[in-house]
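First residue of the sequence shown: 6, per our numbering; consecutive thereafter.
Positions of the beta carbon are idealized from the N, C-alpha and C atoms, including for glycine.
One structure is given below, encoded as structure tokens.
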Amino acid sequence: MKVAVVGAGVSGLVAAYLLHREHDITVFEAGTYAGGHVNTVPVEVESGRYEVDTGFIVFNEPNYPNFRRLLRRLGIGEQASDMSFSVSSRDDDFEYGSQSANAIFAKRSHLVRPRFYRMLADKVRFHREARRLLEQLGEGPTLGEFLDSRRYSRTFVDRLIVPQVAAVWSAPEEEARAFPAKYLARFLDNHGLLQVGNHPRWSTVPGGSARYVEAMTSTFRRKVRLQAPIMSIERSEDAVEIRPRHGEAESFDRVIIATHSDQALRMLSDATPRERELLSAFEYQTNEVALHTDLRVLPRRRRAWASWNYQVVDRDTGSSAVTYHMNRLQAITAPEQFCVTLNNLQGIDETKIVKRLSYHHPVFTHRSVSAQDRHESVLGANRTYFCGAYWGYGFHEDGVDSALRVAAHFGASLS
């Protein structure tokens with residue numbers, strides 16, 4: 006069959022990879038490169054050349070089984086990573102890191118601060134009470150409602166749990182508070198984060214995540230059309246018509262739409278009521294990103310430096326920034342310290358910015374979580390299939406999983 010794949014992020018590329026030997030595929034990508042959030046930037050500095058990831062970075066063994074199976078099939082190895090977390094606020098010189106006692110008490114005065122110990126105690130209580138959420142029926146409260154009803158301390162809320170959720174999902178604090186609490190509890194439980202110790206070990210792709218995209222697309226690279234945005238997709242009983250912005254309309258037997266859900270809905274000129282209902286359930290957050298070497302975005306005390314660093318920019322407005330310390334995450338041994346910061350970029354020294362980028366991340370609500378349960382209902386109807394990380398938690402494994410669900414309809418798999 007002639008199959009069009011619209012979108013060359015992880016979901017579209019995995020679907021194309023699994024189908025290209027048995028079907029005549031064509032991949033349409035609006036951007037200038039294939040990979041989506043797999044975006045490795047080569048950086049030339051005085052000490053040498055380094056491949057720095059800026060979007061997808063880390064994965065672990067228990068929660069990324071299909072992605073790791075894909076890596077093994079491609080002959081790509083894994084490299085151990087560090088997944089520590091820090092929170093800092095310049096307003097009141099509050100900061101700590103998670104990686105050791107020395108980091109937790111990076112600010113030594115916290116050793117004698119009752120509110121700091123209350124924050125740590127609330128973390129243990131939250132892990133215990135979050136497990137109970139998993140046993141409840143129905144959609145349950147938002148994270149903010151749950152925290153308020155259980156009377157957690159402001160320090161725990163503002164300096165620990167909300168920053169963690171905001172950092173993991175690249176969301177502003179207000180959206181983190183609106184996150185479905187039960188959905189969060191399930192995620193934390195699945196990742197072993199509601200227990201003390203025995204946390205999963207995290208890894209990166211050595212040499213940058215783009216290596217696996219290059220390996221995966223090596224056998225169908227000529228079938229990938231870059232800078233080929235799609236204006237419309239129209240289905241009929243016997244064909245799918247794809248109309249790119251540049252060029253004539255083309256006819257296919259099937260179409261796999263592997264873009265964000267809002268983009269998919271805009272392309273469909275004949276969306277069904279069910280497609281509109283499900284695809285419109287997902288919202289997106291735009292995150293402005295900078296790869297740079299300005300260390301002022303990291304905690305003031307070096308012992309608090311972590312892989313993920315959450316900085317409270319303005320306590321009154323809830324303004325914040327998240328910085329990934331790439332030397333720690335990718336085990337980069339260089340005198341330069343490479344950072345990837347999301348949002349509130351105005352404080353970064355322009356002379357130290359290597360590259361600016363923009364990513365869009367799904368925002369999860371009770372409505373979107375409910376829509377996820379109905380993914381199968383829009384697979385195959387009208388010769389159309391939808392895949393993307395938004396059908397899960399929004400992470401790389403979710404993108405792979407959704408592609409595998411689509412591939413199964415064509416009789417293909419990773420095995």
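- In this model, G40 and A13 are separated by some 6 Å (Cα to Cα).
- Assignment of H330 by DSSP, reduced to helix, strand and coil, places it in the strand class.
- When Cβ pairs closer than 8 Å are counted between the two stretches, the stretch 329 to 340 is seen not to touch the stretch 67 to 83, the count staying below three.
- Ranked by how close their Cα comes to the Cα of T389, the residues F369, Q351, F257, S325 have F257 in first place.
- Around the C-beta of T37, fewer than 16 other C-beta atoms lie within 10 Å, and the residue is accordingly described as exposed.
- In the three-state DSSP reduction, Q104 falls in the coil class, being neither helix nor strand.
- Per DSSP, T222 lies in no beta strand (DSSP E); the unbroken alpha helix (DSSP H) holding it starts and ends at 215 to 222.
- When secondary structure is reduced to three states using DSSP, D163 falls in the helix class.
- Beta-bridge partners assigned by DSSP to R230: F33.
- In terms of Cβ geometry, H42 and F61 form a close pair [threshold 8 Å].
- Each residue's CA atom was taken as its position, placing H365 and A269 some 14 Å apart.
- Taking C-alpha positions only, T338 is separated from V50 by approximately 13 Å.
- A distance below 7 Å between beta-carbons, with the five flanking residues on each side excluded, links M124 to the following residues of its chain, in chain order: S158, T160, F161, R164, L165.
- The alpha-carbon separation between Y122 and S375 amounts to approximately 37 Å.
- The residue among N107, W396, P47 with its C-alpha nearest the C-alpha of A215 is P47.
- Bounds of the alpha helix (DSSP H) holding D153 are 148 to 154.
- A contact between stretches requires three or more CB pairs, one per stretch, nearer than 8 Å, and the stretch 21 to 38 fails this requirement with the stretch 303 to 316.
- In the same chain as K357, and ignoring 5 residues on each side of it, the C-beta atoms closer than 8 Å to its own belong to H297, T298, D299, in chain order.
- Assignment of G397 by DSSP, reduced to helix, strand and coil, places it in the coil class.
- Taking a cut-off of 8 Å for Cβ pairs, the stretch 136 to 152 and the stretch 106 to 114 do not touch, as fewer than three such pairs fall below it.
- Cβ neighbours of T346 within its own chain (closer than 6 Å, five residues either side excluded): A295, V302, A326, T328.
- Contact between the stretch 237 to 250 and the stretch 100 to 108 is absent: fewer than three C-beta pairs spanning the two stretches fall below 8 Å.
- Taking a cut-off of 8 Å on C-beta distances, the stretch 89 to 98 does not touch the stretch 212 to 232, as fewer than three cross pairs fall below it.
- For V48, the uninterrupted beta strand (DSSP E) run begins and ends at 45 to 50, by DSSP.
- The beta-carbon separation of S91 and A311, rounded to 4 Å, stays under the 8 Å limit for a contact.
- Unbroken alpha helix (DSSP H) runs of no fewer than 4 residues, entirely contained in the stretch 237 to 300, are found at 266 to 272, 278 to 284, following chain order.
- For A376, the enclosing alpha helix (DSSP H) begins and ends at 371 to 377.
- Between L283 and R379, the C-beta gap is smaller than 8 Å, which places the two residues in contact.
- Closest option to N203, judged by alpha-carbon separation, among D194, Q342, V210: D194.
- Cα atoms of E402 and E66: separation of roughly 11 Å, rounded to the nearest angstrom.
- Residues of the same chain with a CB within less than 7 Å of the CB of L24, apart from the 5 flanking positions on each side, are V8, I30, A412, F415, A417 in chain order.
- By the criterion of a C-beta distance shorter than 7 Å, M236 is surrounded in its chain by R248, P249, R250, once the five residues flanking it on both sides are discounted.
- Under the three-state reduction of DSSP output, H42 falls in the coil class, being neither helix nor strand.
- Following the DSSP letters along the chain, one finds H132 inside the alpha helix (DSSP H) bounded by residues 119 to 138.
- In the structure shown, H414 adopts coil according to DSSP, grouped into three states.
- Cα atoms of Y55 and V383: separation of roughly 42 Å, rounded to the nearest angstrom.
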